[in-house]
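To convert a position in the sequence shown, counted from 1, into the numbering used here, add 1249. Positions of the beta carbon are idealized from the N, C-alpha and C atoms, including for glycine. Note that this is a predicted model, so its numbers are computed, not measured. Let me begin by presenting the structure, written as C-alpha cells, before commenting on it.
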Amino acid sequence: MCGRIFDPDEVSETKLNPFRRRAGDYWLWKMPRRFNVPPTMPVPAMTSKDGVRTVEPMRWGLIPSWAKDMKGGFSTFNARADTVDSKASFRSAWKAGRRCLVLAGGFFEWRRAGIGDKQPFAIAMGNHQIMPLAGLWESWKDPQTGEWLKSCTVITTEANELMAPIHDRMPVVLGEEDWARWLGEEPANDNELKALLKPFASARMAAWPVDKKVGNVKNDLPELIDRVAVQASLI
C-alpha cells in the first residue's frame, strides 16, 4: 500500500535532467514542495508521447473514464500489480498503454507498534534522488462542467526486505533502465511490462522513523520527513 507521499526537494528541469531523453521534453509542474501528500491531491506525473516526456500535475486517485463522478478516486490511489490489467477501474488504462511515473521524494508507511498504536516511517531512495513510482493515468470528463481531468494511480507489489518489517506491500519503484519501456518509448508486451512490477532492491533504498504528526494530512512541514528517536524495538 502507498497512501501518502512527499515531494522531491525540487521538481525542476535541472533536478529532472536524469529523466530527460530529448530537448523537446518539458515540465508543467509549478507547485511548491509538499511534505505530506494524500490521495485526491495533485502529484507530479511523467508521461511520454511520440518520445517527448512531460511532467504535469495529475489527481492522485484514478477516475475511470466511465465514472459518473469523482467519488471513486479515493479508493483507486493504488492498483495491485497482480490485478492491474484485469480490475475494471484500471483495465482500460492498462490496455491503452496509459502508463506514467509518479515522481516522489519518497513515501510514508505505518508499522504497527502496539494495540491502537502505529509508528510512521519515511521510505526514500538511498541516494536521495527522485523516487519514480510506476503508475497508470486516465482522462475523465466532468459531465456537468465539460472539463477534463487527468488522474493517476500508483501500482503496488510485495514488500522487499527493507519494507517487510513495516508493511507487506510497497509501491513499484522503477530503475532508470526501465523508464523508457514503462513509458512506451520501447516496445514491450504485457508479460514484459508486468515483469517490471516487482519489489525494488532494498540496498538502493532507506527507511527511518518519523514524527506521528504525519498522520494528520493538515500537517505539511519539512520536519515531517526528519528522523525521530524511537524505541529500538520499533526500528
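Contact under 7 Å by Cβ, residue i with residue j
i, j, result
"Gly-1375", "Cys-1349", "no"
"Gly-1464", "Ser-1297", "no"
"Pro-1288", "Trp-1315", "no"
"Trp-1386", "Met-1307", "yes"
"Gly-1254", "Ala-1342", "For the sequence presented, residue 1254 should be read as Ile rather than Gly. Not in contact: Ile-1254 and Ala-1342 (Cβ atoms no closer than 7 Å)."
"Gly-1355", "Met-1380", "yes"
"Val-1351", "Val-1292", "yes"
"Thr-1325", "Ser-1335", "no"
"Gln-1368", "Pro-1471", "no"
"Asn-1285", "Asp-1475", "no"
"Asn-1327", "Val-1422", "no"
"Pro-1420", "Cys-1251", "yes"
"Ala-1450", "Ala-1373", "no"
"Asp-1417", "Leu-1445", "no"
"Leu-1311", "Ser-1388", "no"
"Lys-1344", "Thr-1406", "no"
"Val-1479", "Asp-1460", "no"
"Arg-1283", "Asp-1318", "no"
Beta strand (DSSP E) segment containing residue i, residue limits
i, result
"Ser-1297", "1291-1298"
"Asn-1327", "1327-1329"
"Met-1250", "Where Met-1250 is concerned, there is no enclosing beta strand (DSSP E), given that its DSSP letter is neither H nor E."
"Val-1368", "It should be noted that the sequence gives Gln, not Val, for residue 1368. That run of the beta strand (DSSP E) goes 1366-1374."
"Met-1412", "Per DSSP, Met-1412 belongs to no beta strand (DSSP E) and is neither H nor E."
"Leu-1350", "1348-1353"
"Pro-1288", "Per DSSP, Pro-1288 belongs to no beta strand (DSSP E) and is neither H nor E."
"Pro-1420", "1418-1420"
Endpoints, alpha helix (DSSP H) assigned at residue i
i, result
"Glu-1426", "1425-1431"
"Glu-1441", "1439-1443"
DSSP beta-bridge partners of residue i
i, result
"Cys-1401", "Trp-1309 and Trp-1386"
"Pro-1458", "Phe-1370"
"Pro-1436", "Answer is none; Pro-1436 lacks a bridge partner."
"Glu-1358", "Phe-1370"
"Lys-1381", "The amino acid at residue 1381 is misidentified as Lys; the sequence shows Pro. Its beta-bridge partners are Leu-1352."
Residue i, DSSP secondary structure in three states
i, result
"Lys-1467", "coil"
"Trp-1343", "helix"
"Ile-1474", "helix"
"Thr-1303", "strand"
"Arg-1453", "helix"
"Lys-1513", "The shown model of the chain, from 1250 to 1484, leaves out residue 1513, and the question about it has no answer."
"Ala-1316", "coil"
"Ser-1324", "helix"
"Ser-1338", "helix"
Residue-level contact to chain B via CB, residue i, 7 Å cutoff
i, result
"Trp-1386", "This model lacks chain B altogether, as it is built from one protein chain only."
The region 1434-1451 / the region 1390-1400 touching (three or more Cβ pairs under 8 Å): Cβ pair count under 8 Å is below three, so no.
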